[in-house]
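Note sheet for the following structure.
2 protein chains.
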Amino acid sequence: MLNEKMKEYGSSPSIIRQLFEEAKSKKALIGESNVYDFTIGNPSIEPPKVVNEALIKLIRELEPISLHGYTSSTGDPATKKAIISYLNKTYGAALRDEYIYLTMGAAAGITITLNALINKGDEVIVFAPYFPEYRVYTESSGGIFRPVDTSESFDIDFLKLEASMNEKVKVVIINSPNNPTGAVYTEEIIIKLSNFLRKYEKEYNHPIYLLSDEPYRELIYDDIKYPFVTNYYDNSLVAYSFSKSLSLPGERIGYLVLSPKMENVKDVFYAVCGAGRALGYICQSSLFQKLIPYVLGHTSNMSEYKDNRDYLTKELKKLGYEFANSSGAFYLYLKALESDAVKFINIAKEYNLYLVPSDSFGAKGYVRIAYCVKKDMIERSIPAFKKLMEHYEALK
Amino acid sequence: MLNEKMKEYGSSPSIIRQLFEEAKSKKALIGESNVYDFTIGNPSIEPPKVVNEALIKLIRELEPISLHGYTSSTGDPATKKAIISYLNKTYGAALRDEYIYLTMGAAAGITITLNALINKGDEVIVFAPYFPEYRVYTESSGGIFRPVDTSESFDIDFLKLEASMNEKVKVVIINSPNNPTGAVYTEEIIIKLSNFLRKYEKEYNHPIYLLSDEPYRELIYDDIKYPFVTNYYDNSLVAYSFSKSLSLPGERIGYLVLSPKMENVKDVFYAVCGAGRALGYICQSSLFQKLIPYVLGHTSNMSEYKDNRDYLTKELKKLGYEFANSSGAFYLYLKALESDAVKFINIAKEYNLYLVPSDSFGAKGYVRIAYCVKKDMIERSIPAFKKLMEHYEALK
């Protein structure tokens, strides 16, 4: 009698969440310092001081009815203007105030986009391994979820992508820096993908929308110029969140911005507004919207994540582990020591290591290590990784 | 190629919003003090001081990673506990912490409920006049929208309700205090409705869910004991928002609570969690969740709204207007001076009075006056109401 799909989404929380809970129970049992929990992508670094300072300033100085009042459903005009101006300056983009929509984080940006664009049966392509909520968001918008495996180095495999193309493909989602691999797409990849999609747009005679999910955009540790998709592909949208860069995941503040060169951009923006309305979004928190102009361009102290990455990769390499190059986000994608990653993480648990199997991300044989944790936990975990390696070497 | 329904929702903003914009343009033209804008239900009274004081205290004293971090998707445990305890104490309810879900205002509570319960083709009954977004929320969840006219005194008309009942009815939405009529349902009505629905639940052999949309619950000016629906009907849910009582509409903080006696309550709650997930809600703003325990039971100074109501009704009565008894919310439902309310509001505009026709709420022959405005604007508007009455008297 209920909507069984929704019951399923609600009663089967993600494996990530389950493993996190298991690690918590284990901590209660054997002591927090003896458990190495790498399960959750939850920022461990404080927000920059400017966040709380600006919040207090706003609360003290703004007239309360306006501070806490409704904004336009697309967002506070001054906030929209500030974001657009920042993006244009930082990425050489040519975005416009009238095509940005403030959202409850990147998640809402994605659900709003899919509900705006998808008609029942349209297909949504993602690259595996992928953030598992993409499946939930696609299905619940009426779309068909089409994961396409990446290459061995976790780049887009254009042959596989080609094999998946068909007239029903409406949206392609990319996520760079990537969860779970830590890969960052280069300009070369974005250009190649843009050319590829334009070819199929002509062939099918309809737009194929490129949705770039960018919550980790500022978390890049190597010298890579970030290619902002609207500079390369007209039918593109960017979903952003301040969750990771400012360590504000619980405040749910982000935005969705459309390329002004998009085909029928006005109509698409209307559909975005309509989808926001239909899903029950009225406006993003007025206080947090008003915060944004004060914090644009600031980030938490990201060098801590870089330190973690450098230390962890150096030590794991010494132990003989193989992993993907983690240039961004705060994830290391480690090759499991047996082909079945689920079996592997269960063995790892015996050494109090909690890792997420790649099966959760639609791929085989790897685990995700979230290194947005305290450095000392990483240090304490290395002997456990050593024992885990020895465990598998003894089996040879 | 887009989702045309979403484009329609986004490109046809509500008539209320259009009239509000018209009034704004008129103000720019002839001066703010010469326009009497009664269009928008936007609180005009400051939040109680405790709100900003508690926000500053939280920002100063809580560890920032936890202050702004993810909470559980259902909400912060201490906040959920505080709300449940407050509701149980205030309304003699027997609610439980595990069946409350913090939401982005009441709107999200409604979309989440409908997406959780509705399978394509299920029917949702509302009582006309109704809040117009109910239609959008119902259609976009796949449901069929079934408005049922109320009686002449805007009570539930049980004969009409009976005529609309059929096996596909899954949800009945009530809204008391009511937007747009200002009516407050008595205990007697809630008991009668509960008995009525139970009879049909037996006949159809499936639950009929009663969803009570209660953003105006604390805005009651007459001596009416508020009947909390979970005390009367097991298959009931309450969607609440702190928008109106605390004058925080832009912060989007509210909750959805289920009767623990609901049939298969665990499964329904799973479906609620799943719908929240599928719509892109991760958690409600962590800062505003943590605010709630400090502000429960507080309200803005509601006596200002009562003063407005008392003054406005006294003066309009003197002028010969007829209207529904406005016991709550901040709306007066006034009988138009001709049968076509849209024509009537256009005549009213000639006297710089901006009123919302009942057609927007699925009903004929009335206008909504939002009296959540400054008292002096009401005072200045009375001569305009007088001229409007004279305009129609001259036509007789």
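Protein chains in written order, with our numbering: chain W, 8 to 403; chain V, 8 to 403.
Just so it is clear, CB atoms sit at the ideal spot from N, CA and C, and this is done for glycine as well.
Since the structure is predicted, the reported quantities are computational estimates derived from the model, not experimental observations.
Asked, Found
"Using the C-alpha atoms, what's the distance from W:H213 back to W:L102?", "23 Å"
"Alpha carbon to alpha carbon, what distance is there between W:P390 and W:E329?", "17 Å"
"Just how far apart, CA to CA, sit V:N271 and W:E140?", "26 Å"
"Please report the distance separating the alpha-carbon of V:V264 from that of V:Y106.", "6 Å"
"By the three-class DSSP mapping on this structure, what secondary structure does V:E60 have?", "helix"
"How is V:A370 classed by DSSP in three states: helix, strand or coil?", "coil"
"Along the chain, which unbroken stretches of the beta strand (DSSP E) at least 3 residues long are found entirely within the region 281–350 of chain W?", "338–342"
"Below 8 Å CB to CB, which residues in the same chain sit around W:L62 once its five sequence neighbours on both sides are set aside?", "L294 and L298"
"Tell me which residues of the region 370–398 of chain V have at least one Cβ-Cβ distance to chain W shorter than 9 Å, keeping chain order.", "none"
"Can you pull out the residues from the region 315–340 of chain V whose beta carbon lies closer than 9 Å to at least one beta carbon of chain W?", "none"
"Per the contact definition of three or more C-beta pairs closer than 8 Å, is the region 182–193 of chain V in contact with the region 77–97 of chain V?", "no"
"Is W:D274 close to chain V, meaning its C-beta is less than 9 Å from at least one C-beta of that chain?", "yes"
"Cβ closer than 7 Å: which chain V residues qualify as neighbours of W:K14?", "D274, Y277, A278 and G281"
"By how many angstroms is the C-alpha of V:E397 removed from the C-alpha of V:L344?", "11 Å"
"Mind listing which residues of the region 290–309 of chain V have their C-beta closer than 9 Å to chain W's C-betas, in chain order?", "C290, Q291, S292, S293, L294, F295 and Q296"
"Could you please give the first and the last residue of the uninterrupted alpha helix (DSSP H) stretch that includes V:K88?", "P84 to Y98"
"Grab me the residues of V:E29's own chain with a C-beta within less than 8 Å of its C-beta, minus the 5 sequence neighbours each way, in chain order.", "K356 and Y361"
"For V:L26, which three-state DSSP category applies?", "helix"
"Are the Cβ atoms of W:T78 and W:C280 separated by less than 9 Å?", "no"
"Apart from the five residues just before and just after W:I231, which ones in its own chain have a Cβ nearer than 8 Å to its Cβ?", "V191, T193, S334 and G335"
"Does the distance from the C-beta atom of V:S248 to that of W:P71 stay below 9 Å?", "no"
"For V:R153, report the span of its beta strand (DSSP E) as first-last.", "I151 to D156"
"Mind listing the chain V neighbours of W:A114? Cutoff is C-beta to C-beta under 7 Å, in chain order.", "G287 and I289"
"Between which two residues does the alpha helix (DSSP H) holding W:K394 run?", "K382 to L402"
"With H, G and I counted as helix, E and B as strand and the rest as coil, what does DSSP make of V:F138?", "coil"
"Among residues of its own chain, excluding the 5 on either side of W:N308, which ones have a beta-carbon nearer than 7 Å to its beta-carbon?", "I52"
"So, is the C-beta of V:Y312 closer than 9 Å to a C-beta in chain W?", "no"
"Given that V:E258 touches chain W, what residues does it touch there, using C-beta distances under 8 Å?", "H75, S292, S293 and L294"
"Going along chain W, which residues have a C-beta under 9 Å from V:I72?", "N49, P50, S51, I52, E53, P54 and S254"
"Considering only residues of the same chain and omitting the five flanking positions on each side of V:Y338, which have a CB-CB separation below 8 Å?", "G48, N185, N186, P187, T188, G189, R375, I376, A377 and Y378"
"By a C-beta neighbour count over all protein chains shown, 10 Å radius and 16 as the cutoff for buried, is V:D83 buried or exposed?", "buried"
"Please tell me whether V:I125 has its Cβ less than 9 Å away from any Cβ of chain W.", "yes"
"Comparing C-alpha positions only, which one of W:D164, W:M172, W:V178 and W:D156 sits nearest to W:T145?", "W:V178"
"Taking the beta carbon of V:K127 as the centre, do at least 16 other beta carbons fall within 10 Å, making it buried, or is it exposed?", "exposed"
"Between V:R67 and V:P300, what straight-line distance do the alpha-carbon atoms span, to the nearest angstrom?", "17 Å"
"How far does the beta strand (DSSP E) with V:I107 in it extend, from its first residue to its last?", "I107 to T110"
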